[in-house]
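Heads up, the thing below is written out as structure tokens.
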Amino acid sequence: MEWGMANRMAQIIKADGHTLIMPVDHGYFQGPTKKLEQPRKTLEPIMPYSDALFITRGVLRSSVDPDKTKPIVLRVSGGTSVIGKDLANEGLTTSMEEAIRLNASAVGISIFVGSDYEKDSLLNLAKLADEGERYGIPVMAVTAVGKELEKRDARYLALASRIAAELGARVVKTYWCENFAKVITGCPVPIIMAGGPKVDTELQVFEFVYDGMQNGAIGVNLGRNIWQNPFPVAMIKGIRAIIHKNANPKQAQEIYDSEKGQSA
Ligand code: 5RP
8 MEWGMANRMA QIIKADGHTL IMPVDHGYFQ GPTKKLEQPR KTLEPIMPYS
58 DALFITRGVL RSSVDPDKTK PIVLRVSGGT SVIGKDLANE GLTTSMEEAI
108 RLNASAVGIS IFVGSDYEKD SLLNLAKLAD EGERYGIPVM AVTAVGKELE
158 KRDARYLALA SRIAAELGAR VVKTYWCENF AKVITGCPVP IIMAGGPKVD
208 TELQVFEFVY DGMQNGAIGV NLGRNIWQNP FPVAMIKGIR AIIHKNANPK
258 QAQEIYDSEK GQSA
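Numbered per the numbering used here, the sequence shown finishes at 271, counting up by one with no gaps.
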């Protein structure tokens, strides 16, 4: 791996080989998502506990101070909305030149395997990977499912993750699922877990994050289950302990319980 690529990978993946990336990109198709209406406010308390941000150029420029930030994974796909015809019909929204201007450490793109726009999203990934390799900028592929959350099983996610790696993604972001080892085993590049819609209890989150890490994921890119929690700082501290300190779900829950009285 060339120096620039290796250096940028090291900015988003910490020395222990793990990472906690904080996604706040949801507005690019959902508009002012609950608890992310004002991204600056959402980010301020949790940024210190994040290793990197997954963010669009608009929110980066408007809501993150350039002298108080974290490594950036720039969301560069979009062009659809939750009220439009098909979420899968994304294109590239941001050039590699802009990613360089914003000093991004990586770029992120969604792919929609099995959708009507499978080929378009996969060719967009391949094109982005070509440009990323030219400039030494890693590409993170997101195996998106749009509104079809039921697609999140090992067979589908293993297929989508493997295709993303084959087409040049340096990192794949996918969902945790039952039999997650199948997804990890079939994917020759590191896998980061997305969170998905908020679940009922903190323990459920700690349990799936722990299971994913035990099975070989390198970390999370997990947003709503942190910043939609009533105690986001307590939540991120619990998850951080699983990612970087090998805590188990019970220990993460203890951290959450003891922190939630002190933070909001
Ligand atoms: C949206 C994304 C999000 O970054 C991803 O879904 C992670 O966030 P969450 O944990 O809230 O699901 O890619 O398309």
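Beta carbons: idealized from backbone N, C-alpha and C, even for Gly.
| Item | Value |
| --- | --- |
| Taking the C-alpha atoms as reference points, what is the distance between Val152 and Tyr163? | 10 Å |
| Specify the secondary structure class of Leu109 as computed by DSSP and reduced to three states. | coil |
| Cutting at 7 Å between CB atoms, please list the residues of its own chain near Gly143, excluding the five before and the five after it. | Glu9, Gly11, Met12 and Arg15 |
| Counting only beta-carbon separations shorter than 8 Å, does Pro30 have a partner in chain C? | Absence of chain C from the displayed structure is noted, only one protein chain being present. |
| Have a look at Asp93 and Arg177 and give me their C-alpha separation to the nearest angstrom. | 27 Å |
| Ser69: beta carbon under 7 Å from a heavy atom of the ligand 5RP? | no |
| Of all the options Ser265, Asn255 and Lys244, which has the alpha carbon lying nearest to the alpha carbon of Pro52? | Lys244 |
| Considering Cα atoms alone, identify which of Val83, Ser168 and Glu185 is closest to Asp160. | Glu185 |
| Hey, could you find the ends of the alpha helix (DSSP H) Ala259 is sitting in? | Pro256 to Lys267 |
| Thinking C-alpha only, which one of Ser117, Ala167 and Leu27 is nearest Thr63? | Ser117 |
| For the ligand 5RP, any of its heavy atoms closer than 7 Å to the Cβ of Pro39? | no |
| Using 8 Å for Cβ pairs, my map puts Ile233 next to Ile246. What's the rounded Cβ distance? | 7 Å |
| From Lys158 to Ala165, what does the alpha carbon distance come to, in whole angstroms? | 11 Å |
| Between the C-alpha atoms of Ala148 and Gln221, what's the straight-line distance to the nearest angstrom? | 22 Å |
| In its own chain, which residues sit with a C-beta less than 6 Å from the C-beta of Asn228, not counting the 5 before and 5 after it? | Ile28, Pro30, Phe61, Lys180, Ile199 and Ala201 |
| Can you find the residues in the same chain that come closer than 6 Å, C-beta to C-beta, to Ala95, ignoring five residues on each side of it along the sequence? | Phe119, Ser122, Tyr124 and Gly153 |
| Verify the contact flag: Asp58, CB atom, against every heavy atom of the ligand 5RP, threshold strictly below 7 Å. | no |
| Is any heavy atom of the ligand SAH found at a distance shorter than 7 Å from the C-beta of Ala201? | As for the ligand SAH, it is missing from this structure, which binds only the ligand 5RP. |
| Taking the continuous alpha helix (DSSP H) assigned at Thr26, which residues delimit it? | From DSSP, Thr26 is part of no alpha helix (DSSP H) but of the beta strand (DSSP E) over Thr26 to Pro30. |
| If the criterion is Cβ atoms closer than 8 Å, does the pair Ala248 and Gln258 meet it? | yes |
| Entirely within the region 151-222 and at least 4 residues each: give me those alpha helix (DSSP H) ranges in chain order. | 161-173, 187-192 and 209-221 |
| With distances taken between CB atoms, is the gap from Val66 to Gly34 smaller than 8 Å? | yes |
| Going by DSSP in three states, Asn253 sits in which element: helix, strand or coil? | coil |
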